[in-house]
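Everything below concerns the one structure shown next.
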Amino acid sequence: MTPSLPRGYHSPQVDVEVRLNTNESPWAPPEEFRRRLADEVARTDFNRYPDREARGLREALATLHGVSPECVFATNGSNEAIALLLAVIGGPGRRAVMFTPTYTLHSHLSHLSATEVLATQRAADFVLDPVTVKEAATVDAPDIMFLCLPNNPTGTLDAPDVVDAALEGPALVLVDEAYGEFTDAPSAISRVGTANVAVVRTFSKAWAMAGLRLGYAVAPPEIVSAMVERGLPYHLDVVKQMAGRIALDFTDEMKERVSAIAAERERLSASLGELPVTTWPSAANFILFRPESPAGRVWERLIEHSVLVRDLSLHEGLENCLRVTVGTPAENDRFIDSLGEVLV
Ligand SMILES: *Cc1c(COP(=O)(O)O)cnc(C)c1O
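And the structure:
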């Protein structure tokens, strides 16, 4: 167990034709969604504060997941949900455990809340085994334990028994399911009623609304109440509440996008298999790969082809790795063709 260093979060926003670096959806939500949102926006009393408790949105999310609205808290991106959970559970004298490499915001937000971070390195295949997780949960006895299912940036999906293993300790188990919609695996949301689990989800990925900044936590009601106390009043604006609620009426379209992305991911993964790179199986909308030549140079040369991927090569455990988001079929072709030229 080694404490990790605080690190900022930055993904460069470079002006290129093919942007495959931040795991956004390549397709926007449907036109009908835009039309309904525009109608509601046109009828909004912008002089009034929004519904402070975001009841309509929370009820719609509760219905989607088959939980009570008291268990749902909507936030400005799921990052805010993580920050508020840390405000409740973390802080000076509290400890968080995480399994690296994982989403860097987990350690970054822990550090910002003065929560001590204990990081356990994943094995070379990045897959967690329940024995390691149980040991960290019980021996380190943290206050909060982070899991990321599927895991960003590796794409790998740990089996549901890692959640059971995490629950062997005293910690609140925070399961980040930012990519949960991309898998058929059962969501940890089903455990919220009976175990010390909080799940965070986002509209930024499968829901194709990264620009909206909307996420939510599903957690035991007493934790939700504590998050509400620590959040700012009227923190969720009126347009965001509407957009989230209306988006949930287009769940079938979301699922269609997810299937198309999963099919493209498999095609991309097969194409990568023919190039001199190592890849890991992904259950999300991106693929981690390690070229045999220097990653920094590959990243730069892809930019020369107007293709932007994520350079993770300086992160511990991700030496020489890059990550590509699954785009449209045309974008993926462009990426594969460019990578093929760069790697010769
Ligand atoms: C993208 C991502 C998020 C989403 O953050 P938002 O603030 O909702 O945009 C959360 N967790 C992980 C692991 C992610 O990759």
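Its first residue numbered 958, the sequence shown is counted upward by one per residue in my numbering.
From the three backbone atoms N, C-alpha and C, an ideal C-beta is built for every residue, glycine too.
Ligand 1 heavy atom lying under 7 Å from the CB of residue i
i	result
Lys1197	no
Ser1302	Since the displayed the chain opens at 958 and closes at 1301, residue 1302 lies outside it and no answer follows.
Asp1115	no
Tyr1060	yes
CA-to-CA distance, residue j to residue i, given in whole angstroms
i	j	result
Ser1067	Glu1037	12 Å
Arg1252	Val1234	In the sequence on display, residue 1252 carries Ala and not Arg. So the two alpha carbons sit approximately 10 Å from each other.
Gly1297	Leu1232	7 Å
Met1102	Val1054	5 Å
Phe990	Val1299	40 Å
Val973	Asn1153	44 Å
Ser961	Thr1089	Note on Ser961: pLDDT 45, under 50, position unreliable in the model; no value is reported.
Ala1040	Arg1009	19 Å
Met958	Met1166	Because Met958 sits at a pLDDT of 42, beneath the cut-off of 50, its placement in the model cannot be relied upon, and the point is left open.
Asp1097	Phe1056	13 Å
Leu1043	Ser982	28 Å
The beta strand (DSSP E) enclosing residue i, as first and last residue numbers
i	result
Gln970	Taken as a continuous stretch (DSSP letters only), Gln970 belongs to no beta strand (DSSP E), as it is neither H nor E.
Gly1274	Gly1274 -> no beta strand (DSSP E), and no H or E assigned at all.
Met1166	It is not in any beta strand (DSSP E) - Met1166 carries neither H nor E in the DSSP assignment.
Thr1282	Leu1279 to Thr1282
Thr1235	Val1234 to Thr1236
Leu1245	Phe1243 to Pro1248
Extent of the continuous alpha helix (DSSP H) run through residue i
i	result
Val1074	Segment Glu1073 to Gln1078 is the beta strand (DSSP E) holding Val1074; no alpha helix (DSSP H) there.
Ala1044	Gly1034 to Ile1046
Asn1108	Taken as a continuous stretch (DSSP letters only), Asn1108 belongs to no alpha helix (DSSP H), as it is neither H nor E.
Glu981	Counting along the chain, Glu981 falls outside any alpha helix (DSSP H), and DSSP gives it neither H nor E.
Asp996	Glu988 to Ala999
Phe1292	Pro1286 to Leu1300
Thr1140	Note, Thr1140: premise wrong, no alpha helix (DSSP H); not H, not E.
Ser1216	Thr1208 to Leu1229
heavy atom of ligand 2 below 7 Å from residue i C-beta
i	result
Thr1159	Questions concerning ligand 2 fall outside what the structure shown contains, since the ligands it does hold are ligand 1.
Beta-ladder partner(s) of residue i, from DSSP
i	result
Val1157	Asp1133 and Ala1174
Thr1057	Gln1078
Met1102	Val1054 and Val1130
Asp1268	Leu1279
Ala1031	Tyr1173
Using 8 Å as the Cβ pair cut-off and three pairs as the minimum, do the segment 1280 to 1292 and the segment 1061 to 1081 touch?
-> Contact annotation: the segment 1280 to 1292 does not touch the segment 1061 to 1081, with fewer than three C-beta pairs closer than 8 Å.
(request) Specify whether the segment 1070 to 1086 and the segment 1201 to 1209 touch according to this definition: at least 3 beta carbon pairs, one from each stretch, less than 8 Å apart. (result) Because the criterion of three Cβ pairs below 8 Å is not met, the segment 1070 to 1086 and the segment 1201 to 1209 do not touch.
Sufficient close CB pairs (3 or more, under 8 Å) joining the segment 1176 to 1183 to the segment 991 to 1002
The segment 1176 to 1183 and the segment 991 to 1002 do not touch, with fewer than 3 CB-CB distances between them shorter than 8 Å.
- Does the segment 1235 to 1244 touch the segment 1015 to 1034, meaning 3 or more C-beta pairs lie closer than 8 Å? Flag = no, the segment 1015 to 1034 and the segment 1235 to 1244 do not touch.
- Task: Taking 8 Å as the threshold, find out whether the segment 1101 to 1119 comes into contact with the segment 1021 to 1034 through three or more Cβ pairs.
- Result: At 8 Å Cβ cutoff, the stretches do not touch.
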